[in-house]
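What follows is a short report on a single structure.
Number of protein chains: 2
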Amino acid sequence: MAIRLQDIADDLNLSKMTISKVLRGQTDVSAETKARVLKRMKELNYRPNISARGLRTGQTYSVGMVVPTLENPAIAEMVRGINEILRPAGYSLVITSADGDAEVEEREAELHLSRQVDALIVCPRNDASDIPHVLDTTSVPVIYAGTPPPRSVGVSISLRETEVGELAARHLLERRCRRRGYLRGPRTAVADQRFAGFLQALHAAGATLRQEWIVEMQPEEGDYRSGFFATKRLIGGKTRPDGIVAYTDLQAAGARDAALAEGVEIPHSLQIIGCGNAVDICEMQLSLSSLDLVAEEIGRRAARIALKRIDEKGANGQRSVLLSPKIVCRESTRR
Amino acid sequence: MAIRLQDIADDLNLSKMTISKVLRGQTDVSAETKARVLKRMKELNYRPNISARGLRTGQTYSVGMVVPTLENPAIAEMVRGINEILRPAGYSLVITSADGDAEVEEREAELHLSRQVDALIVCPRNDASDIPHVLDTTSVPVIYAGTPPPRSVGVSISLRETEVGELAARHLLERRCRRRGYLRGPRTAVADQRFAGFLQALHAAGATLRQEWIVEMQPEEGDYRSGFFATKRLIGGKTRPDGIVAYTDLQAAGARDAALAEGVEIPHSLQIIGCGNAVDICEMQLSLSSLDLVAEEIGRRAARIALKRIDEKGANGQRSVLLSPKIVCRESTRR
DNA sequence: ATGAAAGCGCTAACAC
DNA sequence: GTGTTAGCGCTTTCAT
Chain G
44 MAIRLQDIAD DLNLSKMTIS KVLRGQTDVS AETKARVLKR MKELNYRPNI
94 SARGLRTGQT YSVGMVVPTL ENPAIAEMVR GINEILRPAG YSLVITSADG
144 DAEVEEREAE LHLSRQVDAL IVCPRNDASD IPHVLDTTSV PVIYAGTPPP
194 RSVGVSISLR ETEVGELAAR HLLERRCRRR GYLRGPRTAV ADQRFAGFLQ
244 ALHAAGATLR QEWIVEMQPE EGDYRSGFFA TKRLIGGKTR PDGIVAYTDL
294 QAAGARDAAL AEGVEIPHSL QIIGCGNAVD ICEMQLSLSS LDLVAEEIGR
344 RAARIALKRI DEKGANGQRS VLLSPKIVCR ESTRR
Chain U
44 MAIRLQDIAD DLNLSKMTIS KVLRGQTDVS AETKARVLKR MKELNYRPNI
94 SARGLRTGQT YSVGMVVPTL ENPAIAEMVR GINEILRPAG YSLVITSADG
144 DAEVEEREAE LHLSRQVDAL IVCPRNDASD IPHVLDTTSV PVIYAGTPPP
194 RSVGVSISLR ETEVGELAAR HLLERRCRRR GYLRGPRTAV ADQRFAGFLQ
244 ALHAAGATLR QEWIVEMQPE EGDYRSGFFA TKRLIGGKTR PDGIVAYTDL
294 QAAGARDAAL AEGVEIPHSL QIIGCGNAVD ICEMQLSLSS LDLVAEEIGR
344 RAARIALKRI DEKGANGQRS VLLSPKIVCR ESTRR
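So the sequences go chain by chain: G and U.
For the first sequence, the numbering used here begins at 44 and goes up steadily by one.
For the second sequence, the numbering used here begins at 44 and goes up steadily by one.
As structure tokens, then:
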């Protein structure tokens with residue numbers, strides 16, 4: 044089937060040991076031999092068997108990653124960040140999707156370990172109540188990236204979720220919004236933290252949030268439509284909000300379109316800010332301010348820590364990292 | 044480090060062969076022994092080394108996939124389709140991203156082969172002028188999925204791209220559009236084919252396309268903005284189009300917003316249809332008709348063919364498949 | 001500068 | 001029903 048070291052050795056009347064040395068760039072091979080070997084490798088399209096090498100050396104130079112789904116543009120950003128660090132270091136990232144299912148997630152994590160990855164990056168589902176417990180017992184470095192893991196284990200790179208709410212609150216306060224509406228997002232820990240941060244920042248500024256302007260979402264409805272209808276309702280009340288925080292950019296888009304449909308001027312009479320900074324969505328007219336959740340940077344950090352932990356062979360000298368979101372101001376909150 | 048068969052064998056005073064048999068569900072093991080082994084495996088959190096097994100058996104039960112980027116929602120759909128078929132068959136899909144770079148694409152394909160995947164699914168870049176030639180020489184089944192490969196090799200599952208243009212043309216013709224604008228997309232083979240299909244369907248119906256209503260895109264500009272400004276220009280002319288075909292849904296969204304901004308009524312005075320059926324984009328108000336490029340089905344087909352080719356051990360009895368796009372009619376072309 | 005032997009963790013093909 | 005032997009493709013160690 045595939046070409047082996049042995050085949051090349053036979054061809055050239057050398058031992059496979061010599062071929063192996065050339066392959067790995069050892070210096071104790073004559074220049075001439077080296078050239079012949081390299082030439083033959085190319086001709087035969089030789090590709091080393093990483094499994095066999097890994098079996099011998101205990102290293103595969105691959106890092107596994109389990110993502111909850113690929114539908115999410117933040118995941119794509121994170122992957123870019125990870126690859127940016129991993130590739131120059133000679134490692135490669137292999138991704139599998141959990142398709143939003145806890146059991147599949149666990150299974151995929153296990154498979155990565157079975158495939159002997161040198162490290163494993165797990166991107167927990169937003170709505171995860173627990174993370175795969177296979178990962179508690181492995182000696183392979185595991186790094187959680189993105190959503191903070193629901194229970195404290197190992198090393199994680201995640202966002203200060205409360206700051207997402209805080210930044211949104213401060214942004215609206217700076218812009219003199221007095222009647223703030225909050226589209227609360229799903230019933231998850233992440234959404235709770237963001238909301239807590241929002242409330243806390245309001246309190247700190249002596250401001251309050253009216254109960255009837257906190258809107259629970261109908262998860263079946265889809266983000267855009269839920270944002271749309273929630274905002275219709277808010278606008279239809281006797282006193283209207285003059286600022287709205289949405290849990291996603293799509294919800295923010297729904298909110299914008301509901302407001303425009305009612306003839307509410309944005310940002311003059313109503314300011315809107317979303318979450319995720321999904322450029323495709325945000326930069327449509329009228330463009331939406333958003334919170335950048337710095338997924339790419341999370342990816343870079345996760346990758347760097349993975350490399351360090353591989354290097355120190357599990358000595359676990361790495362600490363978890365929390366990053367801060369960033370406001371991206373566009374027309375929807377521009378004065 | 045990790046637990047091996049041997050460790051369990053030692054623990055239980057058995058040979059590792061017996062443990063291996065239990066692991067693989069062979070029947071010639073006493074129920075009692077089997078139970079003991081299973082129990083100990085669980086206790087020790089044993090995970091078989093797939094590399095070692097693969098080295099011995101020549102099968103890893105993993106299928107590699109190289110994608111041009113993860114930013115594209117169609118890729119996520121395709122992956123869903125692939126996993127839907129692969130997982131029940133006991134295979135798992137491992138994905139790597141080429142980050143839009145031909146060299147990286149080639150390297151990632153090679154790495155998959157080095158990691159001994161049982162098959163490789165390659166999703167060529169839209170703008171690819173060639174595909175990795177490493178793949179010409181391997182005995183591992185390679186399946187191209189999505190964009191048709193630029194040169195004919197092996198098995199591919201792709202879309203009848205000309206039909207994309209044809210369907211769009213027929214859709215507009217049925218709706219009595221007389222003055223059709225066409226936002227042409229990038230200078231790629233795929234865009235050319237779609238355009239050719241569009242023209243051909245017009246001709247077949249005795250209709251024509253005015254040269255000044257074919258708009259080339261400025262690729263740097265971003266899809267939304269390019270669609271927006273192209274449509275502004277079209278609308279600003281002395282005679283206005285009453286139908287527009289856009290190369291992507293985002294461009295269609297830009298077209299819609301440009302028209303609405305100019306007070307043009309959709310669909311009454313102008314009908315718009317995009318491509319890709321990206322639900323997030325299409326289902327915003329006013330919702331956009333689009334061509335579904337059936338990525339998920341392409342994924343399923345690719346996976347099935349991968350399994351067949353693994354099964355028949357390279358006998359290559361599989362033929363390429365061409366699928367047809369589907370019209371999804373929403374408000375922007377609703378009478 | 002080159003090579004022989006051993007073994008990584010597992011399983012196919014056989015004994016017993 | 002259980003165990004022995006050999007070997008997958010590679011690299012480590014140590015001779016030559």
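Virtual Cβ for every residue (Gly too), placed ideally from N, Cα, C.
Note that the coordinates shown come from a computational prediction; the quantities given were computed from them, not determined experimentally.
Once you ignore the five residues that flank residue i on each side, which residues in its own chain have a CB closer than 6 Å to its CB?
| i | result |
| --- | --- |
| Ser330 of chain G | Arg373, Glu374 |
| Thr76 of chain U | none |
| Ala162 of chain U | Val106, Pro184, Ala349, Ile353 |
| Ala188 of chain G | Ile164, Cys166, Ile200, Ile341, Ala345 |
| Val364 of chain U | Ile200, Arg344 |
| Val137 of chain G | Ser105, Gly107 |
| Lys369 of chain U | Asp335 |
| Ile186 of chain G | Ile164, Val198, Ala345, Ile348, Ala349 |
Taking C-beta pairs closer than 9 Å, name the residues in chain U that residue i reaches, listed in chain order.
| i | result |
| --- | --- |
| Gln159 of chain G | Ala45, Asn92, Ile93, Ser94, Ala95 |
| Thr61 of chain G | Here the premise fails: no neighbours, minimum Cβ distance about 21 Å. |
| Leu293 of chain G | Asp323, Met327 |
Determine the direct distance from the alpha carbon of residue j to that of residue i, and round the result to whole angstroms.
| i | j | result |
| --- | --- | --- |
| Ser201 of chain U | Arg362 of chain U | 12 Å |
| Arg99 of chain U | Glu355 of chain G | 31 Å |
| Ala273 of chain G | Asp266 of chain G | 10 Å |
| Phe238 of chain G | Ala211 of chain G | 10 Å |
| Gly68 of chain G | Asn88 of chain U | 38 Å |
| Leu154 of chain U | Val322 of chain U | 34 Å |
| Lys59 of chain U | Asp50 of chain U | 8 Å |
| Gln261 of chain U | Met121 of chain G | 28 Å |
| Ser140 of chain U | Leu156 of chain U | 15 Å |
| Ile93 of chain G | Val160 of chain G | 11 Å |
| Arg219 of chain U | Ala250 of chain U | 11 Å |
| Ala247 of chain G | Asp235 of chain U | 59 Å |
| Thr282 of chain U | Thr282 of chain G | 46 Å |
| Glu217 of chain G | Arg378 of chain G | 10 Å |
| Leu48 of chain G | Ala298 of chain U | 58 Å |
| Val371 of chain U | Tyr290 of chain U | 15 Å |
| Lys85 of chain G | Ser73 of chain G | 18 Å |
| Pro193 of chain G | Thr112 of chain U | 29 Å |
| Gly228 of chain U | Ile46 of chain U | 55 Å |
| Arg158 of chain U | Cys318 of chain U | 36 Å |
I think residue i touches residue j, with their Cβ atoms under 8 Å apart; what is that distance to the nearest whole Å?
| i | j | result |
| --- | --- | --- |
| Val288 of chain G | Phe241 of chain G | 7 Å |
| Ala119 of chain U | Glu148 of chain G | Not a contact, Cβ separation roughly 16 Å. |
| Ala244 of chain U | Arg213 of chain U | 6 Å |
| Lys64 of chain U | Asp71 of chain U | 7 Å |
| Ala366 of chain G | Arg168 of chain G | Note that residue 366 of chain G is Leu in the sequence shown here, rather than Ala. At roughly 19 Å, the Cβ-Cβ gap does not stay under 8 Å, so Leu366 of chain G and Arg168 of chain G are not in contact. |
| Leu55 of chain G | Arg79 of chain G | 6 Å |
| Gly388 of chain G | Leu293 of chain G | Residue 388 of chain G lies beyond the residue range present for chain G, which begins at 44 and ends at 378; the question has no answer from this structure. |
| Ser182 of chain U | Met44 of chain G | 6 Å |
| Lys275 of chain U | Ala295 of chain U | With a Cβ gap of about 14 Å, Lys275 of chain U and Ala295 of chain U do not count as contacting. |
| Ala338 of chain U | Ala117 of chain U | 4 Å |
Would you mind telling me which residues of chain G sit closer than 7 Å to residue i, beta carbon to beta carbon, in chain order?
| i | result |
| --- | --- |
| Ser140 of chain U | Val122, Asn126 |
| Leu136 of chain U | Thr139 |
| Leu98 of chain U | Ser94, Ala95, Leu98 |
| Pro116 of chain U | Glu114 |
| Ala296 of chain U | Met327 |
| Ala162 of chain U | Residues of chain G passing the Cβ test: none, with the nearest at roughly 14 Å. |
| Ala145 of chain U | Within 7 Å Cβ-Cβ: nothing; Ala145 of chain U doesn't reach chain G, min ~15 Å. |
Counting only Cβ pairs nearer than 8 Å, list the residues of chain G close to residue i.
| i | result |
| --- | --- |
| Gln328 of chain U | Phe271, Asp300, Ala304 |
| Glu153 of chain U | Arg90 |
| Ile341 of chain U | Within 8 Å Cβ-Cβ: nothing; Ile341 of chain U doesn't reach chain G, min ~15 Å. |
Leaving out the 5 sequence neighbours to the left and right, which residues in its chain are closer than 8 Å to residue i when beta-carbon positions are compared?
| i | result |
| --- | --- |
| Leu215 of chain G | Arg223, Gly286, Val288, Gln314, Ile316, Thr376 |
| Tyr225 of chain U | Phe238, Phe241, Leu252, Trp256, Ile257, Val258, Ile287, Val288 |
| Glu151 of chain U | Val109, Thr139, Ser140, Ala141 |
Leaving out five residues before and five after residue i in sequence, what residues of the same chain have Cβ atoms less than 7 Å from its Cβ?
| i | result |
| --- | --- |
| Val233 of chain U | Asn169, Thr190, Glu204 |
| Gly133 of chain U | Tyr104 |
Note down, in chain order, every chain U residue with its Cβ under 7 Å from the Cβ of residue i.
| i | result |
| --- | --- |
| Leu156 of chain G | Arg90 |
Can you pull the chain U neighbours of residue i, defined as C-beta to C-beta under 8 Å?
| i | result |
| --- | --- |
| Ser182 of chain G | Met44, Ala45 |
| Tyr267 of chain G | Asp323, Glu326, Met327 |
(request) Evaluate contact between the region 334 to 349 of chain U and the region 118 to 125 of chain U, counting only Cβ atoms and requiring at least three cross-stretch pairs below 8 Å. (result) yes
(request) Answer yes if the region 242 to 255 of chain U comes into contact with the region 317 to 330 of chain U, meaning at least three C-beta pairs across the two stretches below 8 Å, and no otherwise. (result) no
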